[in-house]
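In this note's numbering, the protein residues as written are -11 to 169.
Glycine included, every Cβ here is placed at the ideal spot set by N, Cα and C.
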C-alpha cells in the first residue's frame, strides 16, 4: 500500500493511516511537539491525541452540516446535460433531474453544481442572419485587407452587427459555458 511521505502530510493527518501513525508515535512516549514536527502539523496531532486519551481509540466524528441532496452521480448528470444542451436554464435542468432521476432539489443547488464544474451562464452573442451577398462582400473585404495591422482593424465597425441596447433586458438567452470558451 502506497502512502504519502511524512513531509508531504500537512493538515490531513485525520485519515486512518496518519492518525494511527500519530497515536503510535505518541504512545512511544514522544512529546506532541516532536510528533507534530515529524508530521508537519500541530493542531490535528493535538486533537487526535486528546480523542485517543478520552476514548481509548480514535474514530473520526461524523462530519457536521446538512447532507448533500444531490449525490456526485446527480451532479455529473447535471453537468453532462448542460454540456449537451447549453441552452437549458437552471430551472429546466432541475426539472430534468426530477423527471429522470426522481431527485427533488432547488434551482440554487443546480446552479451551485454547475458553477463548481466551472460552467457559468453567459449571454449568447447573436447577430442578425446574413444573406449570401452580405457574406460574400465580407469575405472579399477580409481577403482584400488581409495585411492590415491591429489599429486599422480597430477602426472597422460592421453596422449590421452592432447592438444598441438601453439598460434592461436585451432579450438574449443565456447558455452555460466554461470560462474562456
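For residue i, the nearest candidate out of the options (CA to CA)
{"i": "residue 44", "options": "14, 100, 118", "result": "14"}
{"i": "residue 31", "options": "20, 40, 41", "result": "20"}
{"i": "residue 90", "options": "103, 74, 61, 99", "result": "61"}
{"i": "residue 5", "options": "18, 25, 36, 22", "result": "36"}
{"i": "residue 108", "options": "7, 167, 134, 137", "result": "167"}
Supposed contact pair residue j and residue i - C-beta distance, whole angstroms, cut 8 Å
{"i": "residue 10", "j": "residue 33", "result": "5 Å"}
{"i": "residue 76", "j": "residue 70", "result": "6 Å"}
{"i": "residue 102", "j": "residue 127", "result": "Their Cβ separation, rounded to whole angstroms, is 38 Å, which puts residue 102 and residue 127 out of contact at 8 Å."}
Separation of residue j from residue i, as counted between CA atoms
{"i": "residue 81", "j": "residue 100", "result": "12 Å"}
{"i": "residue 165", "j": "residue 88", "result": "23 Å"}
{"i": "residue 235", "j": "residue 83", "result": "Beyond the ends of the chain as shown, which are -11 and 169, falls residue 235; an answer cannot be given."}
{"i": "residue 124", "j": "residue 142", "result": "21 Å"}
{"i": "residue 140", "j": "residue 134", "result": "11 Å"}
{"i": "residue 26", "j": "residue 18", "result": "11 Å"}
{"i": "residue 42", "j": "residue 28", "result": "24 Å"}
{"i": "residue 138", "j": "residue 144", "result": "10 Å"}
{"i": "residue 22", "j": "residue 72", "result": "54 Å"}
{"i": "residue 132", "j": "residue 104", "result": "46 Å"}
Own chain residues within Cβ distance below 6 Å of residue i, not counting five before or after
{"i": "residue 64", "result": "none"}
{"i": "residue 24", "result": "30, 33"}
{"i": "residue 119", "result": "none"}
{"i": "residue 130", "result": "none"}
{"i": "residue 38", "result": "none"}
Sequence-distant residues of the same chain with beta carbon closer than 7 Å to residue i, five excluded per side
{"i": "residue 79", "result": "95"}
{"i": "residue 92", "result": "86"}
{"i": "residue 106", "result": "166, 167"}
8 Å Cβ shell around residue i - same chain, five flanking residues per side excluded
{"i": "residue 16", "result": "none"}
Could you give the uninterrupted runs of the alpha helix (DSSP H) lying entirely in the stretch 52 to 95, keeping only those of 4 residues or more? Contiguous alpha helix (DSSP H) elements confined to the stretch 52 to 95 occur at 60 to 72, 78 to 89, taking only those with 4 or more residues.
Can you list the alpha helix (DSSP H) stretches of 4 or more residues lying completely in the stretch 96 to 141, in chain order? DSSP runs (the alpha helix (DSSP H)) wholly in the stretch 96 to 141: 120 to 132.
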